[in-house]
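Numbering (our numbering), first residue to last: 310 to 533.
Even glycine gets a Cβ: it sits at the ideal position worked out from N, Cα and C.
Structural data, given as structure tokens:
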């Protein structure tokens, strides 16, 4: 899952980024509204964490712009401004959740997981496709009831496919999802092939159908 964190308090931003990264998320962090505009205009995110009080503007303006541009990312406001007016304004603009500071990082993580379930998987606590079952809370993957051990990149790739079934995903899209901004710095994106190959091999060897279809010259599609 790819997250954009917009937070101008360095210590808090570092704590959030480190905590979520240890739980397997790909987190990119910015401290200003201008940087947030630049990032959200170029890259796709699954979730955007927005602080309202930023040094160069109001995070609510970013939410309004994201919704005008029909961005698919889920939005959680994290703010010390715990007024009912700000909360209503943010939710009315299209934010999915509002978490006032201070908060426990475990609660933020739980809200991110809940948002992912609502946005990508219809609110289901378990994600099932054919003979593949994923429990995001435990980060557990099974095929016909048997555990499948995946690396962090393979697990994130599996969730990316499951969130976009029957949709053609470009090779560049896979690279960006796994590497974030660093994908722009890579001369080659051949590294994605090993992740695709290993994920496919582990699932098939566990007894799953081969759901990963190559789309010649473009990328991949998860489908029966």
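Counting every other CB atom within 10 Å of its CB across the protein chains shown gives residue 393 a total below 16, marking it as exposed.
Between residue 353 and residue 482, the C-beta gap is smaller than 9 Å, which places the two residues in contact. A Cβ-Cβ distance of about 6 Å is found for the pair residue 361 and residue 369, placing them in contact under the 8 Å criterion. In the structure shown, residue 332 falls within a coil segment according to DSSP collapsed to helix, strand and coil. Contact between residue 386 and residue 408 holds: CB atoms are separated by about 7 Å, below the 8 Å threshold. Ranked by Cα distance from residue 373, the options 390, 400 and 355 are led by 400.
Between the segment 427 to 437 and the segment 319 to 332 there are fewer than three inter-stretch CB-CB distances shorter than 8 Å, so the stretches are not counted as touching. In this structure, residue 480 sits near residue 501, with a CB-CB distance shorter than 9 Å. The shortest C-alpha to C-alpha distance from residue 411 to any of 383, 469 and 324 is the one to 324. The continuous stretches of alpha helix (DSSP H) do not include residue 390, and DSSP gives it neither H nor E.
When the five nearest sequence neighbours on each side are left out, the beta carbons in the same chain lying within less than 8 Å of the beta carbon of residue 375 are those of 349, 357, 382, 384 and 403, in order along the chain.
Only buried fits residue 469, as 16 or more other CB atoms lie within 10 angstroms of its CB. For residue 450, the enclosing beta strand (DSSP E) covers residues 449 to 452. For residue 514, no beta strand (DSSP E) encloses it; the enclosing alpha helix (DSSP H) starts and ends at 500 to 514. For residue 465, the uninterrupted alpha helix (DSSP H) segment begins and ends at 461 to 472. Using a Cβ distance threshold of 9 Å, residue 465 and residue 343 do not count as a contacting pair. Of the candidates 406, 355, 488 and 487, the residue whose Cα lies closest to the Cα of residue 430 is 355.
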